[in-house]
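Working notes, structure below.
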Amino acid sequence: MEKRAQLYAGKAKSVYETDDHDLLIMLFRDDTSAFDGKKIDQLDRKGMVNNKFNAFIMEKLAAAGIPCHFVKRLSDTESVVKRLDMMPIECVVRNIAAGGLVRRLGVEEGKELNPPTFELFLKNDALGDPMINESYVEAFGWAKSEHLAKAKELTFQVNTVLKKLFLDAGILLVDYKLEFGVFKGEVVLGDEFSPDGCRLWDAETRKKLDKDRFRQGLGNVIEAYEEVGKRLGIDFDN
Ligand code: C5P
7 MEKRAQLYAG KAKSVYETDD HDLLIMLFRD DTSAFDGKKI DQLDRKGMVN NKFNAFIMEK
67 LAAAGIPCHF VKRLSDTESV VKRLDMMPIE CVVRNIAAGG LVRRLGVEEG KELNPPTFEL
127 FLKNDALGDP MINESYVEAF GWAKSEHLAK AKELTFQVNT VLKKLFLDAG ILLVDYKLEF
187 GVFKGEVVLG DEFSPDGCRL WDAETRKKLD KDRFRQGLGN VIEAYEEVGK RLGIDFDN
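The numbering of the sequence shown is the working numbering, which starts it at 7 and goes up by one.
Encoded structure:
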């Protein structure tokens with residue numbers, strides 16, 4: 007496969023065209039950012055760790071019947087993905103209160119949420135990714151209502167699969183963000199699933215093992231990502 011022009015560069019990943027119109031190459035960089043790009047840094051090994059983490063999770067989700075854009079890992083820091091027509095929306099599920107929910111509602115961090123909550127955010131850096139709802143998506147035409155309904159259904163299916171996967175490794179899946187797109191008429195999971203876009207706590211000690219270590223300046227960010235990966239059985243050396 008031939009890597010061609012860069013199509014897009016985000017805060018932590020870049021996307022390249024290939025000689026196949028339907029396929030793109032996603033490059034995981036060592037860049038990390040938080041608070042809408044106000045805090046940025048470079049973390050050694052991050053691109054490799056997140057690429058391998060994402061490949062492992064996407065394969066688990068695909069095996070559980072969830073359509074994913076991930077095709078295969080190409081190198082330490084690159085993966086081949088399907089070219090989706092992305093919805094400009096973030097889908098967030100929370101099993102335990104943390105982060106934005108705690109700030110917004112003043113509820114206690116760590117409160118179990120049963121049933122889990124579902125939230126939508128508009129992907130818009132300039133506006134700070136504001137919270138939206140299903141009626142906004144319809145009114146502004148950000149996605150077809152049947153596509154949004156499917157994305158929501160898949161977001162909850164992901165919860166069933168991943169809550170168990172992490173819990174079996176002694177880790178709580180606190181919350182996560184997913185992005186979807188459309189490929190040949192089908193709603194497909196896009197973007198990535200890594201500790202950058204979810205919260206993971208040690209089930210015993212509740213130690214934070216995700217990007218909150220970077221946001222809150224707790225240190226050992228990539229060490230924590232690797233610890234999660236190793237507990238899941240990911241081999242970062244190959
Ligand atoms: O900040 P908040 O608590 O709303 O985030 C909920 C979840 O979504 C967290 O796991 C966070 O890492 C993820 N998220 C993300 N990208 C964003 C916003 C939130 O990955 N732009």
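Don't be surprised by glycine CBs; every beta carbon is placed ideally from N, CA and C.
Please read these numbers as outputs of a predicted model, since none were measured by experiment.
Rounded straight-line distance, which links the Cα of residue j to that of residue i
i           : j           : result
residue 220 : residue 227 : 6 Å
residue 206 : residue 242 : 19 Å
residue 255 : residue 175 : The displayed coordinates of the chain run from 7 to 244. Any statement about residue 255 would go beyond what the structure contains.
residue 136 : residue 54  : 30 Å
residue 199 : residue 26  : 24 Å
residue 157 : residue 204 : 17 Å
residue 123 : residue 196 : 21 Å
residue 167 : residue 173 : 10 Å
residue 231 : residue 13  : 28 Å
residue 111 : residue 187 : 30 Å
residue 144 : residue 189 : 20 Å
residue 163 : residue 86  : 24 Å
residue 38  : residue 113 : 28 Å
residue 115 : residue 171 : 23 Å
residue 134 : residue 126 : 13 Å
residue 169 : residue 118 : 13 Å
residue 151 : residue 43  : 31 Å
residue 30  : residue 58  : 17 Å
residue 77  : residue 48  : 27 Å
Any non-hydrogen atom of the ligand C5P closer than 7 Å to residue i Cβ
i           : result
residue 132 : no
residue 212 : no
residue 45  : no
residue 208 : no
residue 196 : no
residue 187 : no
residue 181 : yes
residue 66  : no
residue 86  : no
residue 107 : yes
residue 97  : no
residue 217 : yes
residue 112 : no
residue 35  : no
residue 16  : no
Residue burial classification, residue i (beta-carbon count within 10 angstroms, cutoff 16)
i           : result
residue 84  : buried
residue 147 : exposed
residue 34  : buried
residue 45  : exposed
residue 202 : buried
residue 7   : exposed
residue 212 : exposed
residue 96  : buried
residue 214 : buried
residue 181 : buried
residue 61  : buried
residue 56  : buried
residue 88  : buried
When the options are compared against residue i, the one with the closest alpha-carbon
i           : options            : result
residue 40  : 237, 218, 239, 236 : 218
residue 51  : 18, 78, 28         : 18
residue 140 : 154, 36, 133, 237  : 154
residue 100 : 10, 225, 183, 244  : 183
residue 185 : 209, 151, 208, 160 : 160
residue 193 : 165, 224, 21, 90   : 90
residue 216 : 62, 234, 118       : 234
residue 72  : 165, 210, 22, 81   : 165
residue 149 : 42, 79, 92         : 92
residue 102 : 70, 209, 20        : 209
is_contact[residue i, chain D] using C-beta, thresh 8 Å
i          : result
residue 83 : The structure shown contains no chain D; it is built from a single protein chain.
(message) Restricting to runs no shorter than 3 residues, where is the beta strand (DSSP E) found entirely within the region 79–140?
(response) 84–88, 95–102, 118–128
(message) Threshold first: 4 residues or longer. Then list the alpha helix (DSSP H) segments lying entirely within the region 135–171, N to C.
(response) 140–146
(request) Please go through the region 21–52 and give each complete alpha helix (DSSP H) segment of 4 or more residues, from N-terminal end onward. (result) Within the region 21–52, no complete alpha helix (DSSP H) run reaches 4 residues.
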